[in-house]
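Engineer: If you count by the numbering used here, then the sequence shown holds residues 41 to 498, one letter each, in order.
Virtual Cβ for every residue (Gly too), placed ideally from N, Cα, C.
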Amino acid sequence: MDLSVSFHGAVARTTGSAHLIRAGNKRILLDCGLIQGIPHHYNQNFSFDPKSIDDIVLSHAHLDHSGRIPLMFKQGFEGNIYCTAATKDLVKVLLLDAVKISRIKMKKTRIGGRRVSLDPLYVEKDVYNALKHFITVPYHQVKNIDRKISLKFIDAGHILGSAQVILDCDGTIITFTGDLGQNGMPLIRNPDPIKKTHYLITESTYGNRIHPPMGKAAQELIQYAKHIYDEGGKLIVPSFAIGRTQTLIYFLNETFEKEEIDKMPVYIDSPMAIDATEIYIKHPECFDKETLKLLKSGDNPLMFPELSFSKTHRDSRSILKGWETCVVFAGSGMCTGGRVLSHLINELPTRKSIVLLVGFQAKGTLGRELYEGAKSVKIYNKEIKIRAKVKSIGGFSAHADRRELIDHIAKIRKKPAKTFVVHGEAQQSLTFAANIRNTLRIWARVPEYKKEYRLKPL
Ligand SMILES: [Zn+2]
């Protein structure tokens with residue numbers, strides 16, 4: 041079978057994941073992600089013809105992997121999208137949110153210095169239309185997508201439903217790691233090892249970094265919760281809705297149960313995080329052994345008496361007005377919008393409160409200003425003085441670090457003939473590719489954007 045791969049996104053960057061496999065006369069797209077950090081309207085044009093693609097295989101729900109799927113249908117794609125059941129549920133929430141983001145971003149578009157208002161990339165009806173074409177495949181089940189081509193998902197341990205994709209093209213195996221999680225994350229399983237592959241496409245988000253241990257990060261979270269319990273004030277955690285919020289909730293519940301700290305109210309004040317948490321609860325097939333054991337004993341780590349879901353604006357306002365000591369998780373994770381802004385307006389000037397940053401804060405965001413120790417910030421055009429403590433914790437990352445990524449490849453019994461390094465900033469990817477070559481003595485490269493690499497059938 042004639043085989044090749046070309047890379048149409050997430051090359052020397054982390055967004056816009058899209059890798060095209062040509063197998064005989066079939067064209068299969070691995071992921072179809074939104075390119076972030078560039079003018080939004082650039083996402084309109086694909087570097088391939090959407091009509092020429094037969095099927096899409098989706099590794100996980102995050103928008104930088106799934107965000108252009110509805111656009112594919114708008115531009116003539118008629119195939120199926122294969123993913124796990126949990127991914128399908130999370131994708132629905134994320135794509136509907138993407139519609140809102142797209143509306144705002146396309147309205148603010150500037151072309152040649154002039155402000156123009158463009159139509160959003162897609163609207164709700166396009167999302168619902170795309171969802172009709174999703175076919176869910178459980179982990180470890182072989183699914184034939186053509187007479188000679190099959191796919192299998194194994195766990196990627198990154199977020200609920202995340203998968204590594206194993207494509208068997210007439211005996212030649214191509215594996216795509218998707219985004220690979222770090223070991224020891226609560227709730228979900230560790231990444232499954234790859235047993236055998238002829239070709240590998242690996243992510244490299246942290247290809248040049250070692251994370252602090254997750255256990256230490258959890259301890260720090262508990263210390264801050266304890267601090268506000270003793271001193272008063274609120275613990276405001278700007279948090280990513282999917283994955284991060286659930287991880288932190290798990291750790292808080294665990295400490296409450298072990299009675300390491302006194303119990304206090306915990307709020308999830310983010311509609312998207314609430315939806316995501318409900319989807320987590322609906323998919324125990326994705327949980328690790330520890331979580332399943334808890335569930336079996338009647339203890340759900342994502343539902344405990346102190347935890348409240350703040351769904352409506354009214355719920356949110358009552359937390360804002362209240363004086364009680366509590367922990368509040370609110371989006372967005374980088375403080376670029378969402379309900380967290382009202383909490384920041386209230387709590388940043390309050391000496392007793394703590395604002396806790398638990399994820400990466402990109403340049404140009406309010407979260408980054410806080411991270412860099414600003415004395416005051418502007419929110420909704422109001423100058424807000426910062427008297428609260430602003431703290432940050434590393435170590436909760438949903439991505440494997442350099443050591444784990446190398447281990448993952450080292451464990452493959454027969455080494456892949458070619459390893460393509462994607463999904464990382466240029467420096468991370470290049471250093472990681474060199475690291476693979478030096479430590480494992482195998483062919484590893486950061487591919488060129490759009491270049492077609494022939495894969496010898498093996
Ligand atoms: Zn991801």
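Is it the case that the CB of D195 approaches a heavy atom of ligand 1 more closely than 7 Å?
Structural biologist: Residue side-chain check: D195 keeps its Cβ at 7 Å or more from all non-hydrogen atoms of ligand 1.
Engineer: I241: beta carbon under 7 Å from a heavy atom of ligand 1?
Structural biologist: The answer is no for I241.
Engineer: What number of angstroms, rounded off, separates the C-alpha of Y179 from the C-alpha of S393?
Structural biologist: 43 Å
Engineer: Measure the CB-CB distance between K145 and S157 and report whether it falls below 8 Å.
Structural biologist: Contact flag unset, no.
Engineer: Taking the straight line between their C-alpha atoms, what separation do you get for K351 and G378?
Structural biologist: 13 Å
Engineer: Of all the CB atoms in chain D, is at least one closer than 8 Å to the CB of Q467?
Structural biologist: Protein chains in the displayed structure number just one, and chain D is not present.
Engineer: Secondary structure at A52, three-state DSSP: helix, strand or coil?
Structural biologist: coil
Engineer: Identify the residues that DSSP records as bridge partners of H59: which are they?
Structural biologist: F47 and L70
Engineer: Classify C375 as helix, strand or coil using the three-state DSSP reduction.
Structural biologist: coil
Engineer: Express the C-alpha separation of F472 and A281 in angstroms, rounding to a whole number.
Structural biologist: Computed Cα separation, rounded: 29 Å.
Engineer: Starting from the N-terminal side, write out each stretch of the alpha helix (DSSP H) that is 4 residues or longer and does not extend beyond the stretch 424-462.
Structural biologist: 442-450
Engineer: Does at least one heavy atom of ligand 1 sit under 7 Å from the Cβ of I426?
Structural biologist: no
Engineer: Assign K274 to buried or exposed, taking buried as 16 or more other Cβ atoms, counted over all protein chains shown, within 10 Å of its Cβ.
Structural biologist: buried
Engineer: Let me know if R62 comes out buried or exposed under the rule of 16 or more other beta-carbons within 10 Å of its beta-carbon.
Structural biologist: buried
Engineer: Excluding sequence positions up to five away, which residues of its chain have a Cβ less than 8 Å from the Cβ of Y168?
Structural biologist: none
Engineer: Could you compute how far the alpha carbon of E243 sits from the alpha carbon of G211?
Structural biologist: 24 Å
Engineer: Is DSSP giving I385 helix, strand or coil here?
Structural biologist: helix
Engineer: Which stretch, first to last residue, makes up the alpha helix (DSSP H) that contains Y411?
Structural biologist: L406 to Y411
Engineer: From the DSSP output, in three-state form, read off T176 for me.
Structural biologist: strand
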